[in-house]
Amino acid sequence: MLGFAALAAAGFGASPALAGPPAVFEGRPTLVIVYETTPNPPRHLGVGTAIDWDRPGLTVELLKRVGERLQVNLAFKRVPWKRGLLMLETGEADGIFHSSYVAERESIGVYPKTAAGRPDQGRALFSQSYSLFVTRGSTVTWDGTAIGGLAGRPVGATAGYSVIADMERLGVPVEPGRAPELNLAKLAQGRLAACAELENLAGEIIRRDPVQYASVVKLEPPLVTKPYYLMLSRQFLMRDPGLANAVWSAIPEVRASRGFRELETLYADGG
46 MLGFAALAAA
56 GFGASPALAG
66 PPAVFEGRPT
76 LVIVYETTPN
86 PPRHLGVGTA
96 IDWDRPGLTV
106 ELLKRVGERL
116 QVNLAFKRVP
126 WKRGLLMLET
136 GEADGIFHSS
146 YVAERESIGV
156 YPKTAAGRPD
166 QGRALFSQSY
176 SLFVTRGSTV
186 TWDGTAIGGL
196 AGRPVGATAG
206 YSVIADMERL
216 GVPVEPGRAP
226 ELNLAKLAQG
236 RLAACAELEN
246 LAGEIIRRDP
256 VQYASVVKLE
266 PPLVTKPYYL
276 MLSRQFLMRD
286 PGLANAVWSA
296 IPEVRASRGF
306 RELETLYADG
316 G
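Shown next, in the form of C-alpha cells:
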C-alpha cells in the first residue's frame, strides 16, 4: 500500500495533492473553519492546536477538497470545542465541525437543511456513535433502552457535547467535564459510574495510555448514532448564502469521489 506522500507524488486519483495545507486561490474568499483539539480518529488527528498536514484526518481532507472544487481559501484552526462554538456564534469562525443536530445550537449557527426545513443528512460529513464506558466488573448495564446499576452515581460526559441531553432524556444523572480525557481518568479512578463519550475519540485516548485505562471497557450497543455536520455561522450565511450552500452541497460530492474513497482506505490502513 502506497503511503500518503507516495500517493500524492503519483497523482493518485485525488485533486490536486493529498498532503500539505489547503490550496491558495488569489482574490477568492477565505473561510475560517475551526475544530477541536482532542483527536477523533480518523476524522481529525493529533493533539492540541497543531495540524499535521501530511495526515490531518479525513474531515480536514474532505473540506480541503471542497475548497479546491469551489476555489475558496480555507483557514483551519484548532480550539477547544466550547470556544469553537463561541467563535461561530460571534462570526469569528465561518464554520465548525463536527456538530450533531441540537436544536439549541440553531441560535449559534446554521445546519444544512432540506426543503422541508429539517437537517439534511445527505449533506452531513459522516455519522458516528456515542458509547457508554465503564470499569471492568462494574454493575452498570445498558440494554439499548435503559441504563441501570448506577446506584445514584453520575455518568460523566464532556461539557457542550450533545450526549448530555441524551443522558438527561434517559433520566440519568450527568456530571459534565471539561474534556474527555478528564472524564475517562475520573472513571478509571472510580469517581464516576460510567462515561458517555464519542466512541472513536474515547478509544484513541484509551489507546494512547493503556496502563491508565486498563480497567475501562466499552458497553454494547452504542448509546446513539448521529449524523455530524459542518455548521456555518449566521454571519457567513447572510454575507454569501450562495457560497454557504455550495460548501454544504459539495460535501456529498467529494465524499462520493474516487479520490476520497481511496483516502478512506489509506486512513483505515494507517497509511
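Per the working numbering: the sequence shown = residues 46 to 316.
Every residue, glycine too, gets a C-beta built ideally from N, C-alpha and C.
Could you tell me which residues DSSP pairs with residue i in its beta bridges?
i, result
"L277", "G140, V155"
"L243", "Y175"
"R193", "One point to set straight first is that residue 193 is Gly, not Arg, in the sequence displayed. DSSP, once it has assigned bridges, lists T186 as partnering G193."
"F121", "I78"
"G222", "T203"
"V269", "Y175"
"T94", "T94 is not bridged to any residue."
Would you mind sorting residue i into buried or exposed? The rule is 16 or more other CB atoms within 10 Å of its CB.
i, result
"A313", "exposed"
"W98", "exposed"
"P84", "buried"
"A51", "Unreliable positioning characterises A51 in this predicted model, as indicated by a pLDDT of 40, which lies under 50. The coordinate reading is nonetheless provided below. Its Cβ having fewer than 16 others within 10 Å, A51 is exposed."
"G235", "exposed"
"M283", "exposed"
"K271", "buried"
"E113", "buried"
"L119", "buried"
"V208", "buried"
"P101", "buried"
"S152", "exposed"
"V77", "buried"
"A191", "exposed"
"E242", "buried"
"G287", "exposed"
"R253", "exposed"
"P255", "exposed"
"V69", "exposed"
"L163", "Reading off the sequence shown, one finds Arg at residue 163, where the question assumed Leu. It is exposed - the Cβ of R163 has fewer than 16 other Cβ atoms within 10 Å."
"P221", "exposed"
What is the rounded straight-line gap between the Cα of residue i and the Cα of residue j?
i, j, result
"L311", "A196", "44 angstroms"
"R279", "A161", "19 angstroms"
"D165", "Q173", "16 angstroms"
"N245", "P87", "8 angstroms"
"L227", "I250", "10 angstroms"
"R73", "Y175", "38 angstroms"
"V292", "E298", "10 angstroms"
"T159", "P66", "32 angstroms"
"Q257", "Y206", "24 angstroms"
"D285", "K109", "19 angstroms"
"E265", "T186", "9 angstroms"
"G140", "A169", "13 angstroms"
"R223", "T203", "6 angstroms"
"G201", "L277", "29 angstroms"
"D188", "M212", "14 angstroms"
"G193", "G182", "14 angstroms"
"V79", "H89", "12 angstroms"
"V155", "I296", "16 angstroms"
"V269", "C240", "14 angstroms"
"Q116", "G248", "36 angstroms"
"L308", "Y146", "26 angstroms"
"S294", "T184", "46 angstroms"
Since residue i and residue j should fall inside the 8 angstroms C-beta cutoff, what is the C-beta to C-beta distance between them, to a whole number of angstroms?
i, j, result
"L107", "F281", "In fact, because the Cβ distance is near 18 angstroms, the residues do not count as touching under 8 angstroms."
"F178", "Y273", "Actually they do not touch by this definition, with Cβ atoms about 20 angstroms apart."
"H143", "T82", "In fact, because the Cβ distance is near 14 angstroms, the residues do not count as touching under 8 angstroms."
"A238", "R198", "4 angstroms"
"A138", "T180", "Contact flag wrong, Cβ pair sits at about 37 angstroms."
Checklist entry - Is the stretch 121-131 touching the stretch 255-266 in the sense that three or more CB pairs, one from each, lie closer than 8 angstroms? => result no
Checklist entry - Between the stretch 129-136 and the stretch 93-107, are three or more C-beta pairs nearer than 8 angstroms? => result no
Checklist entry - If you pair each beta-carbon of the stretch 216-227 with each one of the stretch 143-152, do three or more pairs fall below 8 angstroms? => result no
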